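In what follows, a structure is listed as structure tokens, so that the remarks can point back to it.
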Amino acid sequence: MNQTNRTILLIEDDEILQRFLTLALKTNGYDVLQAKEGAIGLAILANQHADLILLDLGLPDMDGIDVLKEIKTISTQPVIIISARGREVDKVSALDMGANDYVTKPFNIGEVLARIRVALRSVPALPDILFEYQQLKIDFEKRLVLVNDQEVHLTPIEFKLLELMVRHQGKVLTHHFIQEHVWGYHTVDDYQSLRVFMASIRKKINQLSDESYILTEVGVGYRFKE
Ligand code: CA
13 MNQTNRTILL
23 IEDDEILQRF
33 LTLALKTNGY
43 DVLQAKEGAI
53 GLAILANQHA
63 DLILLDLGLP
73 DMDGIDVLKE
83 IKTISTQPVI
93 IISARGREVD
103 KVSALDMGAN
113 DYVTKPFNIG
123 EVLARIRVAL
133 RSVPALPDIL
143 FEYQQLKIDF
153 EKRLVLVNDQ
163 EVHLTPIEFK
173 LLELMVRHQG
183 KVLTHHFIQE
193 HVWGYHTVDD
203 YQSLRVFMAS
213 IRKKINQLSD
223 ESYILTEVGV
233 GYRFKE
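Each residue of the sequence shown is one higher than the last, beginning at 13 in this note's numbering.
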């Protein structure tokens with residue numbers, strides 16, 4: 013089995029700093045995704061897997077704090093802020109918004125790498141690139157879902173939901189747990205949109221197979237068949 017490298021999304025507009033960080037990260041065995049604007053970083057995050065996000069607060073198109081807020085609605089991965097803003101109030105507001113850590117420019121690269129290692133300890137590594145169960149195949153790297161060797165087109169949210177279910181195969185996941193992991197928050201007793209997404213995933217799978225992979229645990233949540 014191939015142990016995949018951890019992937020880091022670097023959102024930083026300063027070209028020199030971006031090149032320097034990318035080189036340092038790659039030298040240390042990380043894969044790097046790059047974005048020079050907040051909106052581009054968010055678009056990458058919606059479509060590709062990143063284990064950790066390094067986020068600059070001073071970006072040309074959006075305030076980094078707003079980027080952080082958006083990240084938290086679509087991802088549960090750790091975010092480390094890299095910023096020239098050294099004021100306590102900026103640090104506190106970034107940490108309040110869910111950032112895991114904060115590094116002030118100019119920084120020591122060894123310190124950044126150490127903080128990345130600490131933050132990644134809380135993130136389980138992707139155990140496999142490929143998942144296969146009965147007629148279902150998932151390639152997590154390519155974000156490809158096949159049923160009976162035919163592609164199922166899932167939206168980014170649907171893919172995230174299916175991935176979460178598969179990674180906890182056999183376990184009952186509560187509505188609350190699923191909302192927290194997919195959207196980063198949960199709405200008390202309002203699981204209607206979750207039901208709609210699950211119904212859509214099932215419908216897409218059932219067009220190609222009679223198998224029911226996602227089981228409903230009435231009043232509790234969902235479970236991926238084992
Ligand atoms: Ca900047």
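From the three backbone atoms N, C-alpha and C, an ideal C-beta is built for every residue, glycine too.
In this text the structure is predicted, and so the values were computed from the model without any measurement.
Kindly indicate which three-state DSSP category residue i falls into: helix, strand or coil?
{"i": "G233", "result": "strand"}
{"i": "D151", "result": "strand"}
{"i": "L66", "result": "strand"}
{"i": "A55", "result": "helix"}
{"i": "T88", "result": "coil"}
{"i": "F167", "result": "Here the sequence assigns Thr to residue 167, which means Phe is not the residue at that position. DSSP places T167 in coil when its eight states are reduced to three."}
{"i": "L220", "result": "coil"}
{"i": "Q191", "result": "helix"}
{"i": "Q30", "result": "helix"}
{"i": "F119", "result": "coil"}
{"i": "I94", "result": "strand"}
{"i": "L132", "result": "helix"}
{"i": "A106", "result": "helix"}
How long is the line joining the alpha carbons of residue i and residue j, rounded to whole angstroms?
{"i": "S87", "j": "W195", "result": "7 Å"}
{"i": "N17", "j": "D43", "result": "6 Å"}
{"i": "Q147", "j": "K154", "result": "18 Å"}
{"i": "Y225", "j": "E238", "result": "8 Å"}
{"i": "E27", "j": "D75", "result": "18 Å"}
{"i": "G70", "j": "S95", "result": "7 Å"}
{"i": "V178", "j": "R99", "result": "43 Å"}
{"i": "N40", "j": "L132", "result": "14 Å"}
Give the C-beta separation of residue i and residue j to the nearest angstrom, bearing in mind that I take them to be a contact with Cβ-Cβ under 8 Å.
{"i": "K182", "j": "F143", "result": "According to the sequence shown, residue 182 is Gly rather than Lys. Wrong, their Cβ atoms sit about 13 Å apart, outside the cutoff."}
{"i": "A62", "j": "I20", "result": "7 Å"}
{"i": "Y234", "j": "I190", "result": "7 Å"}
Relative to ligand 1, is the shortest distance from any of its heavy atoms to the C-beta of residue i smaller than 7 Å?
{"i": "G70", "result": "yes"}
{"i": "D25", "result": "yes"}
Is the beta carbon of residue i within less than 7 Å of some heavy atom of ligand 2?
{"i": "D75", "result": "Summarising the ligand content, the structure contains ligand 1 and does not contain ligand 2."}
Check your understanding: If you pair each beta-carbon of the region 154-174 with each one of the region 207-214, do three or more pairs fall below 8 Å?
Key -> yes
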